[in-house]
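In the order they appear, the protein sequences are chains A and B. Plus 445 on top of the position in the first sequence (first one is 1) and you've got the numbering used here. Plus 445 on top of the position in the second sequence (first one is 1) and you've got the numbering used here. All C-beta atoms, glycine included, are put in the ideal place defined by N, C-alpha and C.
Number of protein chains: 2
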Amino acid sequence: MSNTELASALETDALTSELRAVLGRLVRRLRREHRFPLTQASVLAVLEQEGPLSISELAAIESVRPQSMSQTIAELEADGLVTRRPDPDDGRRTRIAATAFGRITLEADRAARDGWLSGKVQALSAEEQETLREAVRLMARLADGS
Amino acid sequence: MSNTELASALETDALTSELRAVLGRLVRRLRREHRFPLTQASVLAVLEQEGPLSISELAAIESVRPQSMSQTIAELEADGLVTRRPDPDDGRRTRIAATAFGRITLEADRAARDGWLSGKVQALSAEEQETLREAVRLMARLADGS
DNA sequence: TATTGTTATACTCTATAACTATA
DNA sequence: TATAGTTATAGAGTATAACAATA
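What follows is the structure, encoded as structure tokens:
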């Protein structure tokens with residue numbers, strides 16, 4: 446490895462470490478702004494956007510195991526935030542949908558939590574927002590790629 | 446609010462949602478690549494870089510409560526990855542340091558975990574890496590700001 | 001057999017409350 | 001009183017293993 450390549454690799458390692466550190470801090474910060482659990486809010490937001498989905502579909506979207514999603518949905522249902530209906534075409538599947546109460550709760554949570562982050566994001570300049578937008582695409586590739 | 450402002454706010458909200466979603470997926474992905482727990486690895490890396498630190502200092506760096514850090518350090522110590530020595534100047538403080546075994550273990554973990562992420566980051570173009578670098582700075586402001 | 005989903009169990013990670021010891 | 005740290009307890013979030021029901 447040449448000196449130039451070595452220097453480049455060290456810079457990449459530093460970037461990687463910093464990325465990992467800031468991810469942790471940002472997730473923890475976001476968690477502290479909550480009304481109800483972060484995962485539940487995330488699932489509810491997906492359901493509101495995408496309409497009724499099955500447990501497996503939700504698990505794939507969130508990159509968690511179906512068993513974990515099953516638990517999350519059970520909690521949301523116990524709180525009256527989602528309903529489950531049998532899929533008319535496939536007896537194995539369940540169609541999960543947000544309730545009206547779920548949508549209202551999500552909106553209230555957004556005002557508190559995303560509200561905090563949205564405010565922060567809005568305070569960034571247009572150029573900074575564009576940088577963040579590109580970085581989100583890059584991070585999605587990192588997270589979802591093979 | 447004008448139509449232009451409304452459109453801008455909606456775009457910011459979308460960016461915020463996507464940022465939140467990708468953070469979750471990336472953290473989970475990173476967790477799956479582990480040898481030993483993510484938090485422990487993070488603390489060990491700080492200790493290796495910054496030398497001996499107290500529980501409170503580590504808690505501040507990681508943005509967690511001192512009680513939580515106390516628990517993390519107890520686990521690291523039980524595994525022989527760090528040592529604790531009384532601070533000679535302040536009887537209340539403890540100086541936490543990485544052991545030789547801790548440094549070796551961290552290196553092995555990096556090969557597996559940061560190795561995975563580093564490889565991903567290195568696969569990005571120079572421009573993309575620069576975007577990510579800027580975004581890390583922005584996210585640090587979001588996470589650590591008031 | 002393959003897919004969908006559940007239940008049981010355990011581990012990671014973090015928090016709050018209540019406490020001790022030192023400054 | 002204020003600061004550093006610990007212990008106890010609880011809750012969020014996720015995983016693996018074992019299982020039942022349906023395709």
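Assignment of beta strand (DSSP E) within the region 499-561 of chain B, counting only whole runs of 3 or more residues, yields 527-531, 539-543 in chain order. Under the three-state reduction of DSSP, G496(B) is assigned to coil, being neither helix nor strand.
Here A588(A) is buried, its C-beta having at least 16 other C-beta atoms within 10 Å. Only residues of its own chain outside the window of five on either side were considered, and among them D554 have a CB closer than 6 Å to the CB of A486(A), listed in chain order. Taking C-beta separations shorter than 8 Å and ignoring five residues to either side along the sequence, the partners of G496(B) in its chain run A542, following chain order. Between T457(A) and chain B, the shortest Cβ-Cβ separation is below 8 Å.
For E579(B), the residues of chain A that pass the 7 Å Cβ criterion are T576, in the order they occur in the chain. Within chain B, no residue has its beta carbon less than 8 Å from that of M514(A); the closest one is some 12 Å off. A contact between stretches requires three or more CB pairs, one per stretch, nearer than 8 Å, and the region 461-478 of chain A fails this requirement with the region 497-509 of chain A. Judged by beta-carbon spacing, L583(B) lies beyond the 8 Å limit of L468(A), meaning their Cβ atoms are not closer than that value. In the structure shown, G564(B) falls within a helical segment according to DSSP collapsed to helix, strand and coil.
For T449(B), none of the residues of chain A pass the 7 Å Cβ criterion, the least Cβ distance being about 12 Å. At a beta-carbon threshold of 8 Å, the residues of chain A lying near T461(B) are D559, L562, S563, V566, ordered along the chain. At a cut-off of 8 Å between beta-carbon atoms, E573(B) makes contact with chain A. Its chain contains Q485, V527 as the residues whose beta carbon lies nearer than 6 Å to that of L521(A), once the 5 sequence neighbours on both sides are disregarded; these appear in chain order.
For the 8 Å CB-CB criterion, L577(B) and L460(A) form a contact. Note on geometry: alpha-carbon atoms of F481(A) and T550(A) lie some 9 Å from one another.
Note on T449(A): under 16 other CB atoms within 10 angstroms of its CB, so exposed under the neighbour-count rule. Counting C-beta atoms within 10 angstroms of its own C-beta, R465(A) has 16 or more neighbours from the protein chains shown and is therefore classed as buried. Shown here for T544(A): same chain residues with a beta carbon closer than 8 Å to its own, the five before and five after excluded, namely G525, L526, V527, T528 in chain order. Nothing from the region 515-528 of chain B brings a Cβ to less than 9 Å from some Cβ of chain A. Contact check for W561(B) and E502(B): beta-carbon distance about 29 Å, past the 8 Å limit, so the pair fails to qualify. For V509(A), the C-beta contacts it makes with chain B under 8 Å involve R473, in order along the chain. The Cβ of A466(A) sits closer than 8 Å to at least one Cβ of chain B. Taking 8 Å as the CB threshold, A556(A) stays off the interface with chain B.
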